[in-house]
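Below you'll find the structure, written out as structure tokens, and then a few comments.
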Amino acid sequence: MIGLLMGPLSGNVYVAIIGYGLTGIGFANVVPVLFSTAGAMPRPEVQIATVSTMGYAGLLVAPPLLGTVAHVASLAGIFYVAAVFTVVIALLAQVCAPRGSSGRPAIEAG
């Protein structure tokens, strides 16, 4: 999240590019983790379809939401909204965390 806020707060284009790059590296592993967690749950076909549906919904909702924020507030406001959603993702990650002590999901698929 710090990388995401480096852009609008820094005032330096190079610091902003580094911050957005770090953010991209951090977000790059969210989808594979979600799909692997969904695949390890009971009835993985339903769970994977749910993750896919949520992803497509995000692709449909995010552009108009961010465009509205940019129109009402500013272009930098988009990054603050993205930072808030990053915190929400981090908080909701506890719901998807494995429950077993060995790092594996407590409920085995199959």
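Letter by letter, the sequence shown follows residues 239 to 348 in this note's numbering. The beta carbon of each residue, even a glycine, is placed where N, CA and C say it ideally should be.
What residues in its chain sit with their C-beta under 6 angstroms from that of V251, if we drop five residues either side in the sequence? none
Can you give the Cα-Cα distance for M279 and A287, rounded to whole angstroms? 12 angstroms
Select from G293, G262, G264, I256 the residue whose C-alpha is nearest the C-alpha of F273. G293
P282: first and last residue of the uninterrupted alpha helix (DSSP H) it sits in: 282 to 310
Do you know offhand how far N267's Cα is from T261's? 11 angstroms
Quick check on DSSP: helix, strand or coil for A331? helix
Taking the beta carbon of A331 as the centre, do at least 16 other beta carbons fall within 10 Å, making it buried, or is it exposed? exposed
Coarse secondary structure for A321, derived from DSSP in three states: helix
Determine the contact status of V307 and V319, defining contact as a CB-CB distance below 8 angstroms. yes
Return the CA-CA distance between P351 and S290, expressed in angstroms with no decimal places. The structure shown does not extend to residue 351, since the chain is modelled only from 239 through 348, so no value can be given for it.
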